[in-house]
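The sequence shown: position 397 = 397 (the UniProt record's numbering), numbered continuously. A virtual CB, placed ideally from N, CA and C, is assigned to each residue, including glycine. Since this is a predicted model, take the numbers as computed values, not measurements. Presented below is the structure to which this report refers.
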Amino acid sequence: IAKVAAKLAVGYTLDELMNDITGGRTPASFEPSIDYVVTKIPRFNFEKFAGANDRLTTQMKSVGEVMAIGRTQQESLQKALRGLEVGATGFDPKVSLDDPEALTKIRRELKDAGAERIWYIADAFRAGLSVDGVFNLTNIDRWFLVQIEELVRLEEKVAEVGITGLNAEFLRQLKRKGFADARLAKLAGVREAEIRKLRDQYDLHPVYKRVDTCAAEFATDTAYMYSTYEEECEANPSTDREKIMVLGGGPNRIGQGIEFDYCCVHASLALREDGYETIMVNCNPETVSTDYDTSDRLYFEPVTLEDVLEIVRIEKPKGVIVQYGGQTPLKLARALEAAGVPVIGTSPDAIDRAEDRERFQRAVERLKLKQPANATVTAIEMAVEKAKEIGYPLVVRPSYVLGGRAMEIVYDEADLRRYFQTAVSVSNDAPVLLDHFLDDAVEVDVDAICDGEMVLIGGIMEHIEQAGVHSGDSACSLPAYTLSQEIQDVMRQQVQKLAFELQVRGLMNVQFAVKNNEVYLIEVNPRAARTVPFVSKATGVPLAKVAARVMAGKSLAEQGVTKEVIPPYYSVKEVVLPFNKFPGVDPLLGPEMRSTGEVMGVGRTFAEAFAKAQLGSNSTMKKHGRA
């Protein structure tokens with residue numbers, strides 16, 4: 001639409017412009033005819049803003065969105081729900097009907113719209129409310145309510161008959177209505193793998209249809225696909241070229257935004273240039289990765305294990321890249337590898353070595369690197385004991401998080417106990433990490449690429465806010481402004497050691513803290529970081545493209561990219577914060593990320609670059625006095 005509108009603005013008429021999707025077989029004046037249903041659902045991050053009013057009003061509060069395509073509204077809706085990545089695999093219940101207050105809460109949530117109202121609608125039908133009863137509370141068109149009610153009744157039937165009652169005909173009916181394997185497994189009381197195995201027995205797999213703007217009236221070569229459970233498959237995968245699949249990051253949210261899509265797009269562009277057929281899997285309509293012409297083939301699907309495995313079954317790629325979409329595809333790495341999917345780049349085991357605190361600790365000790373005193377705990381009393389050994393203040397956080405989710409600085413035992421009681425649920429499966437907080441330290445981010453033979457330092461970024469503010473919320477400077485050359489060289493050496501120890505293939509990000517001229521290692525992420533676009537633009541080195549080629553087997557030396565680029569000018573990244581949307585929220589920055597965007601300022605001096613960054617982020621700069 002934007003492309004056609006731009007051409008109309010410079011004088012073209014609709015009949016002069018051709019529709020790219022149909023390969024020029026229809027003009028832009030040909031009204032689109034669609035034989036599918038599309039659902040868009042916003043993604044909210046109210047959990048990042050304690051005390052914020054989480055009711056939906058005339059002011060926009062969502063930070064991202066998901067889109068799903070299906071043959072029916074029910075299929076499309078359920079695909080969108082699981083693509084949101086909010087812990088739901090469909091219409092998961094929000095309240096226990098055994099709770100005497102359940103009905104009161106359901107009515108309140110229906111009447112006063114919040115981010116989870118659609119799930120409460122399903123709960124209302126479970127609690128016995130009628131379509132008219134729900135309509136009177138929500139004013140949502142009855143047609144949509146009838147669709148949800150039917151899905152709830154089918155869920156009740158699945159729970160009643162169990163896996164033994166899932167014959168081929170009933171299972172096909174459920175899949176046509178968009179039920180995920182994971183949701184059916186939960187309802188039937190079995191593991192997801194058992195539902196997948198049952199589908200294999202029945203040879204029940206999705207087919208892929210093309211988005212062609214003409215309801216298949218004209219033949220089209222555009223490989224823009226969505227899944228559904230029908231007969232004819234239009235995927236028509238090629239067999240003459242090696243394929244590489246890139247998994248996107250799903251809906252934007254705080255901590256995992258458009259920076260990761262930048263990496264996915266650059267990976268696709270680089271690999272296309274090298275002759276590979278590229279396949280993109282994503283479900284975010286706001287991104288460039290979901291443009292039908294960014295990759296050779298686009299699958300507009302939720303980035304879940306079930307959906308990815310089905311695409312792999314059809315396409316049979318040479319490799320799948322999970323490093324570029326943030327935590328979304330990384331969480332699938334182990335399961336994909338176990339299913340025989342060729343994950344290229346850093347292995348899932350190496351990723352786990354960096355994420356698993358105990359395994360990482362052993363690697364750090366072997367390399368004799370310095371870290372703040374730390375511990376991993378699985379119970380509140382254990383945390384209290386360890387905290388006495390380490391000393392306050394402490395940074396506490398769950399393992400395996402992105403964007404500093406549920407991360408806090410605690411200053412005493414009472415603070416620590418409150419954190420465990422209100423912020424996290426701790427167990428052997430979900431340990432909590434304690435780190436001694438280095439007050440008044442300078443935090444540093446380093447992006448690098450390793451091909452197994454050498455390590456390329458992409459950039460060393462000095463944070464402007466002190467340690468304790470999440471790296472995604474801190475302004476930073478490249479090159480570093482106050483760090484000595486000796487300190488930077490120590491970091492370069494440590495990054496190199498870590499890259500070889502963890503057997504990184506592709507991008508990695510390392511965070512350090514510098515205090516009293518001592519370098520402390522904070523964490524290592526063997527994946528694309530949100531700083532990659534900033535570093536690439538600041539240095540002119542397309543890090544995501546270079547790393548994608550490394551993952552496909554092309555060394556840094558073969559690419560002619562072997563030297564760190566230190567620009568003769570300064571680049572400053574500044575963040576954009578959404579506090580004007582959430583009045584009443586404490587705007588003090590901390591270890592949990594809350595920014596929703598960023599800008600970059602470039603200048604001959606640090607001061608000039610910093611000033612430009614402030615102006616770019618719409619910050620009001622004082623004309624006199626102290627900052």
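6 Å CB neighbourhood of residue i in its chain, flanking five on each side removed
i	result
F582	F49 and A52
R183	T89 and G90
K623	none
D35	A215
V341	V312 and V320
Simplified DSSP assignment, three categories, for residue i
i	result
F534	helix
R55	strand
N580	helix
M593	coil
D240	coil
S268	helix
S477	strand
E443	strand
E337	helix
F300	strand
G83	helix
C214	strand
M280	strand
Q256	strand
E116	coil
E523	strand
residue 631	As shown, the chain starts at 1 and ends at 627. That puts residue 631 outside it, with no answer to give.
G472	helix
residue 697	A question about residue 697 goes unanswered here, because the residues of the chain that appear run from 1 up to 627.
L204	coil
L367	helix
P100	coil
W245	First, the residue type needs correcting, since residue 245 is Met and not Trp in the sequence shown. M245 falls in the strand class under three-state DSSP.
A88	coil
C263	helix
E389	helix
Residues of its chain near residue i, where Cβ-Cβ distance is below 8 Å and the 5 sequence neighbours each way are ignored
i	result
I487	V514, N517 and V519
P93	W119, A122, D123 and R126
G616	E574, V599, M600 and G601
N580	none
P32	T213 and C214
T596	V63, I254, G257, V576, L577 and P578
R333	Position check: residue 333 holds Ala in this sequence, whereas Arg was assumed. If we look at A333 and ignore the five residues flanking it on each side, its Cβ neighbours are V322, V343, P348 and I351.
L14	V4, L8, P27, A28 and S29
Bridge partners - residue i, DSSP secondary structure assignment
i	result
M600	K573
A448	I457 and M508
I344	I321
K175	Answer is none; K175 lacks a bridge partner.
D435	N374 and V395
S33	C214
V38	I69
G64	R43
E518	K515
T228	V207
I409	V395
M18	P27
H463	C476
Cβ-based neighbour list, residue i, same chain, cut-off 7 Å, excluding 5 preceding and 5 following
i	result
P372	D435, H436, L438 and Y520
G459	D447, L478, V535, A538 and T539
Y229	R172, K175, R176 and P206
M491	V444, V446, I460, F512 and V519
E453	S555
Exercise for the section: For the segment 543 to 559 and the segment 384 to 392, state whether three or more C-beta atom pairs, one from each stretch, are separated by less than 8 Å. Expected result: When Cβ pairs closer than 8 Å are counted between the two stretches, the segment 543 to 559 is seen not to touch the segment 384 to 392, the count staying below three.
Handout entry: Within the segment 479 to 513, ranges of the beta strand (DSSP E) (whole runs, at least 3 residues)
Key = The beta strand (DSSP E) runs lying completely inside the segment 479 to 513 and spanning 3 residues or more number zero.
Practice task
Take every Cβ of the segment 312 to 327, pair it with every Cβ of the segment 466 to 482, and state whether three or more of those distances are shorter than 8 Å.
Solution key: Touching, no, given that fewer than three Cβ pairs across the two stretches are closer than 8 Å.
Handout entry: Inter-stretch contact at 8 Å, needing at least 3 Cβ pairs: the segment 476 to 496 / the segment 318 to 333
Key = Output reads no: the segment 318 to 333 does not touch the segment 476 to 496.
Exercise for the section: State whether the segment 211 to 229 contacts the segment 21 to 40, with contact taken as three or more CB pairs (one from each stretch) at a distance under 8 Å. Expected result: Touching, yes.
Handout entry: alpha helix (DSSP H) runs contained entirely in the segment 124 to 187, provided each spans 4 or more residues
Key = List check, alpha helix (DSSP H) in window: 131 to 138, 142 to 161 and 168 to 176.
Exercise for the section: Report yes or no: do three or more beta-carbon pairs, one from the segment 266 to 277 and one from the segment 198 to 205, lie closer than 8 Å? Expected result: In the pairwise beta carbon analysis, the segment 266 to 277 is classified as not touching the segment 198 to 205: fewer than three pairs are separated by under 8 Å.
Practice task
Determine, using beta-carbon pairs with one atom in the segment 154 to 165 and one in the segment 185 to 198, whether at least three such pairs fall under 8 Å.
Solution key: They touch, by the three-pair rule.
Handout entry: Three-pair Cβ contact test at 8 Å for the segment 278 to 285 versus the segment 299 to 311
Key = Under the 8 Å Cβ criterion, the segment 278 to 285 counts as touching the segment 299 to 311, having at least three qualifying pairs.
Exercise for the section: Could you tell me whether the segment 54 to 72 touches the segment 241 to 249, using the rule of 3 or more Cβ pairs below 8 Å? Expected result: Contact annotation: the segment 54 to 72 does not touch the segment 241 to 249, with fewer than three C-beta pairs closer than 8 Å.
Practice task
Give a yes or no on contact between the segment 348 to 355 and the segment 496 to 514, applying the rule of three or more CB pairs nearer than 8 Å.
Solution key: The segment 348 to 355, when compared against the segment 496 to 514, does touch it at the 8 Å Cβ threshold.
Exercise for the section: Say whether the segment 337 to 352 touches the segment 523 to 534, bearing in mind that this needs 3 or more beta-carbon pairs closer than 8 Å, one atom from each stretch. Expected result: A contact is defined here as three or more CB-CB pairs under 8 Å, and the segment 337 to 352 meets this definition with respect to the segment 523 to 534.
Problem - Meets three-Cβ-pair contact criterion under 8 Å: the segment 133 to 151 and the segment 162 to 170 - result: Too few Cβ pairs lie closer than 8 Å, so no.
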